[in-house]
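Position in the sequence shown counted from 1, then plus 2, gives you my numbering. Glycine included, each C-beta is placed from N, C-alpha and C at the ideal position. Presented below is the structure to which this report refers.
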Amino acid sequence: MVEAYFVFPKDLVPSGHDISAHTTYSRIFIDALKQGQFPVRWVEHVWPGHSQPLFNFYQVGFYYFVSLVNVFTGSVTESIKLATLFFWGLGAFFMFLWMKRFGTLAAILSALVFVFSPYLILDIFVRAAFPEFAAITLILGIFWALDRKRFFTLSLLTGLAIITHLPTFVIFAPIIAVYALLNRKNIVLIILSFILGIGLSSFYLLPAIFEQQFINIDNLRSGNFDFHKHFVYPQQLITYVWGYGGSTQGLNDNMSFQVGLIQWTILALSLLILIKIAALSASWRIARNDVIARSQTTKQSKQGSKGTPWKAAYLSLFLLASFFGLFMMMETSTPVWETFKFLQFLQFPWRYFMIISFSTAVLSGLLLSLVKKTSLASAIVFIVSITVLYLYSAYLKPEEWLPKDYYSDENIKVRGYFEPGYNPLGVEQVPTQEIPRYQANQDTQVQELLLKDNQLKLSINTPKPFVLTINSHFFPGWKVYIDEKETKITPSKSYWFLEIEVPEGKHIVEAKFTDTPVRVLANQISLGTVLGLLIVFLGYPKKP
3 MVEAYFVFPK
13 DLVPSGHDIS
23 AHTTYSRIFI
33 DALKQGQFPV
43 RWVEHVWPGH
53 SQPLFNFYQV
63 GFYYFVSLVN
73 VFTGSVTESI
83 KLATLFFWGL
93 GAFFMFLWMK
103 RFGTLAAILS
113 ALVFVFSPYL
123 ILDIFVRAAF
133 PEFAAITLIL
143 GIFWALDRKR
153 FFTLSLLTGL
163 AIITHLPTFV
173 IFAPIIAVYA
183 LLNRKNIVLI
193 ILSFILGIGL
203 SSFYLLPAIF
213 EQQFINIDNL
223 RSGNFDFHKH
233 FVYPQQLITY
243 VWGYGGSTQG
253 LNDNMSFQVG
263 LIQWTILALS
273 LLILIKIAAL
283 SASWRIARND
293 VIARSQTTKQ
303 SKQGSKGTPW
313 KAAYLSLFLL
323 ASFFGLFMMM
333 ETSTPVWETF
343 KFLQFLQFPW
353 RYFMIISFST
363 AVLSGLLLSL
373 VKKTSLASAI
383 VFIVSITVLY
393 LYSAYLKPEE
403 WLPKDYYSDE
413 NIKVRGYFEP
423 GYNPLGVEQV
433 PTQEIPRYQA
443 NQDTQVQELL
453 LKDNQLKLSI
463 NTPKPFVLTI
473 NSHFFPGWKV
483 YIDEKETKIT
493 PSKSYWFLEI
503 EVPEGKHIVE
513 AKFTDTPVRV
523 LANQISLGTV
533 LGLLIVFLGY
543 PKKP
């Protein structure tokens, strides 16, 4: 973490594919949160007239954490950097805790291989895909909690992973499910923990699923987001060219899709040793029984050996997970992507590289646990550490460092990011220049009483009836009241802004973004789950 801090110098902003998006999203999220909106769903962008139900669909977990850090820093860009460093350290911490069952040196090696894996470095310094990166580290916590039977923590981390980056959770879900089956004795508690985790995330998850038909959802899986354009080719897996460009169709990508020399070595050694184990074992049942006996090794470790017996099933699981990741990122998996439509929202098949980073880190610790001599194991950790730093340390930097005012209040209006895919259906175009939050007749007197992203309150005195335009796009949940009586909203053509008819005289006009039945139910499920977990946690008997 100390070294990592130096690759994120203070008062400089790293460049990256998504840095503009996450800086913009963090700013508008923090503003909405400060206004009292919770959970944050509707935001007015840095440009007036560009409103969206962005956080009704885009994962919010990372931005809640950035908002917390921002309380202490007061700087959005510094908060993003510190949040990223925190999750980088958290990933190493969870990997170490999880793999410590195989020995301290094995845990150190796994954490090292994970933290400096090429895809994670790509996520941070090339793509600036911070929510995805954060979710990967939380996924490690899920495996640790499964292993240690910490069911309360398992629920919490599951919920956090889902709201931080749902695509990452979807990618890891099959591996998590298989790993959970290794602990069949506690399968009921495990399933219950996952259900509670989903319950925690319901405030985000349910509206994102059941209200997606109200936005331009197809834009998020077409054009440059079409998965067909982002498959990886075999020759790209062994290249060591490091680029900062984007992903394109074919072989002309300007970003690296390397698996990594260390990772290829780990996969090859794992396969060779698995073949050897298969040849020497009398039957695979012996290996399976050895895995089941895993939960009973605490007493055995006290009686003598600190090493862990080899677990062929563990080796098989994470080796197969690596092959699964490789398969899903290549064109041969097209039928799978076309059959399971929800996968298309992952957009980039090469996202399955995250499984390679994860699995090879685990395999490295498993391999080291076979080495019986501590001195030899220590030497291996030292050599791998030097090799990892030699191979990958040059990648620990962005393409360029931007000045701290690059995304200032004024510059963000020029350099901010806006994704049309989250526009409500009916929005055909957005303003090309700044416009006020509302528009009234020139002879109408208007006094602003309240102005928030999700609420507007005006005192109006008009000599004649007129049509008031509130420059927020219409979306289910918007309601407008005149003198506390709900009035009809007519979305404007093209812009799809809120329009209402205001009669002659003095009136109080109030527009509110309210919760739909789906959002109300989702909020109630999350709140109920939180209360339930607190009751269980506080009422659970503590060990003396």
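Could you tell me the boundaries of the beta strand (DSSP E) in which His24 lies? Translated into the one-based positions of the sequence shown, residue 24 becomes position 22. The continuous stretches of beta strand (DSSP E) do not include His24, which lies in the alpha helix (DSSP H) extending over residues 21-36.
Reducing DSSP to helix, strand and coil, say where Ser17 ends up. Taking the first residue of the sequence shown as position 1, residue 17 is located at position 15. Coil at Ser17, not helix or strand.
Quick one: is His230 buried, meaning 16 or more other Cβ sit within 10 Å of its Cβ, or exposed? Here residue 230 corresponds to residue number 228 of the sequence shown, with the count starting at 1. Exposed: under 16 other Cβ atoms inside 10 Å.
Going by beta-carbon coordinates alone, are Ala314 and Ile279 separated by less than 8 Å? Along the sequence shown, one-based indexing puts residue 314 at 312. Along the sequence shown, one-based indexing puts residue 279 at 277. Yes; because the gap between Cβ atoms is below 8 Å, this pair is in contact.
Looking only at its chain, what residues have a beta carbon closer than 6 Å to the beta carbon of Asn463, apart from the 5 residues adjacent to it on each side? One-based indexing of the sequence shown puts residue 463 at position 461. Answer for Asn463: Gln447, Lys508, listed in chain order.
Just how far apart, CA to CA, sit His19 and Val128? Residue mapping note: residue 19 aligns to position 17 of the sequence shown, counting from 1. Residue mapping note: residue 128 aligns to position 126 of the sequence shown, counting from 1. Looking at the backbone, the Cα of His19 and that of Val128 are separated by about 6 Å.
Decide if the stretch 73-84 is in contact with the stretch 110-124; the criterion is three or more beta carbon pairs, one per stretch, under 8 Å apart. Segments in contact, no.
Provide the residue span of the alpha helix (DSSP H) that contains Gln447, from first to last. Counting from 1 along the sequence shown, the entry for residue 447 is found at position 445. If you look at Gln447, you'll find it isn't in any alpha helix (DSSP H); it sits in the beta strand (DSSP E) that goes 447-454.
In its own chain, which residues sit with a C-beta less than 7 Å from the C-beta of Leu111, not counting the 5 before and 5 after it? The count along the sequence shown starts at 1 and reaches residue 111 at position 109. Ser366, Gly367, Leu370, Val383, Val386.
Looking only at its chain, what residues have a beta carbon closer than 8 Å to the beta carbon of Ala284, apart from the 5 residues adjacent to it on each side? Looking up residue 284 in the sequence shown gives position 282. No answer about Ala284 holds up, because its pLDDT of 46 lies below 50 and its placement is not dependable.
By Cβ distance, which residues of its chain are closer than 8 Å to Tyr440, with the 5 residues on each side in sequence left out? For this step, residue 440 is matched to residue 438 along the sequence shown. For Tyr440, same chain residues with a beta-carbon under 8 Å away, outside a window of 5 residues either side, are Val448, Leu458, Leu460, Leu470, Thr471, Ile472, Asn473 in chain order.
Start and end residues, beta strand (DSSP E) containing Val69: Numbered from its first residue, the sequence shown carries residue 69 at position 67. In the sequence as displayed, the identity of residue 69 is Ser instead of Val. Counting along the chain, Ser69 falls outside any beta strand (DSSP E), though it belongs to the alpha helix (DSSP H) covering 63-75.
Can you tell me where the alpha helix (DSSP H) with Trp100 in it begins and where it stops? Counting from one through the sequence shown, the residue named residue 100 turns up at place 98. For Trp100, the uninterrupted alpha helix (DSSP H) run begins and ends at 78-101, by DSSP.
Taking DSSP as the reference, what is the three-state secondary structure of Ile437? Indexing the sequence shown from 1 puts residue 437 at position 435. Coil, per DSSP.
With DSSP run on the structure shown, which of helix, strand or coil describes Lys415? Position 413 of the sequence shown, counted from the first residue, corresponds to residue 415. Looking at Lys415 - three-state DSSP - the assignment turns out to be helix.
Whole-angstrom C-beta distance between Gly199 and Leu156, which should lie under 8 Å: On the sequence shown, residue 156 is found 154 positions in, with the first residue counted as 1. On the sequence shown, residue 199 is found 197 positions in, with the first residue counted as 1. Going by Cβ atoms, the distance from Leu156 to Gly199 rounds to 7 Å, so yes, they are a contact pair.
Under 8 Å by Cβ, that's how I've got Phe216 and Pro422 pegged, so tell me the actual separation to the nearest angstrom. The residue labelled residue 216 in the question sits at position 214 within the sequence shown. The residue labelled residue 422 in the question sits at position 420 within the sequence shown. Incorrect: roughly 14 Å between the Cβ atoms, too far for contact.
Tell me the residue span of the beta strand (DSSP E) that contains Trp403. Counted from its first residue, the sequence shown places residue 403 at position 401. Per DSSP, Trp403 belongs to the beta strand (DSSP E) from 403-405.
Please name the residue in Glu430, Pro465, Tyr424 whose C-alpha comes closest to that of Gln444. Taking the sequence shown and counting its residues from 1, one reaches residue 444 at position 442. Answer by Cα proximity: Pro465.
Going by the DSSP bridge assignment, what does Glu430 pair with across the sheet? To locate residue 430, count along the sequence shown from 1; it is residue 428. As DSSP reads the structure, Glu430 sits in no beta bridge.
Use the C-beta contact count for Arg353: other C-beta atoms within 10 angstroms, 16 or more gives buried, fewer gives exposed. For the purposes of this step, residue 353 is identified with residue 351 of the sequence shown, where counting begins at 1. Arg353 is buried by the Cβ-count criterion.
Determine the direct distance from the alpha carbon of Leu142 to that of Thr492, and round the result to whole angstroms. Locating residue 492 in the sequence shown gives position 490, where the first residue counts as 1. Locating residue 142 in the sequence shown gives position 140, where the first residue counts as 1. If you draw a straight line from the Cα of Thr492 to the Cα of Leu142, it comes to about 49 Å.
Whether Pro1 touches Ile437 by CB criterion (8 Å): In the structure as shown, the chain starts at 3 and stops at 546, and residue 1 therefore has no counterpart that could be examined.
Given Pro351, which residues of its chain have a CB within under 8 Å of its CB, disregarding the five upstream and five downstream residues? As a working mapping, residue 351 is identified with position 349 in the sequence shown. Once the five neighbours on either side are set aside, the close Cβ partners of Pro351 are Phe229, His232, Phe233, Val234, Met330, Met331, Met332, Ser335, Trp339.
Using 8 Å as the threshold, is the C-beta distance between Asp33 and Trp100 below it? For the purposes of this step, residue 33 is identified with residue 31 of the sequence shown, where counting begins at 1. For the purposes of this step, residue 100 is identified with residue 98 of the sequence shown, where counting begins at 1. Cβ distance not < 8 Å, so Asp33 and Trp100 don't count as in contact.
Span separating the alpha-carbon of Lys374 from that of Leu271: Taking the sequence shown and counting its residues from 1, the one referred to as residue 374 is at position 372. Taking the sequence shown and counting its residues from 1, the one referred to as residue 271 is at position 269. In a straight line, the C-alpha of Lys374 is about 17 Å away from that of Leu271.
According to DSSP, Asn463 sits in a beta bridge with which residue or residues? Counting from 1 along the sequence shown, the entry for residue 463 is found at position 461. According to DSSP, which records beta bridges pairwise, Asn463 is partnered with Gln447, Lys508.
Counting Cβ pairs closer than 8 Å, one from the stretch 79-96 and one from the stretch 8-17, do we hit at least three? Output reads yes: the stretch 8-17 touches the stretch 79-96.
Would you check if there are 3 or more beta carbon pairs closer than 8 Å linking the stretch 133-140 to the stretch 517-533? Because the criterion of three Cβ pairs below 8 Å is not met, the stretch 133-140 and the stretch 517-533 do not touch.
Report, in whole angstroms, the separation of the C-beta atoms of Thr170 and Ile144, which I expect to be a contact under 8 Å. Along the sequence shown, read from residue 1 onward, the residue named residue 170 stands at position 168. Along the sequence shown, read from residue 1 onward, the residue named residue 144 stands at position 142. Not a contact, Cβ separation roughly 11 Å.
Spatial distance of Lys454 from Thr434 (CA atoms): Locating residue 454 in the sequence shown gives position 452, counting from the first residue. Locating residue 434 in the sequence shown gives position 432, counting from the first residue. Rounded to the nearest angstrom, the gap between the Cα atoms of Lys454 and Thr434 is 22 Å.
Along the chain, where does the beta strand (DSSP E) that runs through Val115 open and close? Locating residue 115 in the sequence shown gives position 113, counting from the first residue. Under the DSSP assignment, Val115 falls outside any beta strand (DSSP E), being part of the alpha helix (DSSP H) whose first and last residues are 106-117.
Can you give me the C-alpha to C-alpha distance between Phe326 and Tyr316, rounded to a whole angstrom? By 1-based counting over the sequence shown, the position of residue 326 is 324. By 1-based counting over the sequence shown, the position of residue 316 is 314. One C-alpha to the other measures close to 15 Å.
Please name the residue in Val45, Gly63, Tyr65, Tyr66 whose C-alpha comes closest to that of Leu56. Indexing the sequence shown from 1 puts residue 56 at position 54. The shortest Cα separation from Leu56 among Val45, Gly63, Tyr65, Tyr66 belongs to Val45.
For Val45, list the residues DSSP reports as bridge partners. The residue given as residue 45 occupies position 43 in the sequence shown. In the DSSP output, where bridge partners are listed per residue, Val45 has Gln54.
Contact check, Thr79 vs Thr25, beta carbons under 8 Å: As a position in the sequence shown, residue 79 is number 77, starting the count at 1. As a position in the sequence shown, residue 25 is number 23, starting the count at 1. At a Cβ-Cβ threshold of 8 Å, Thr79 and Thr25 count as neighbours.
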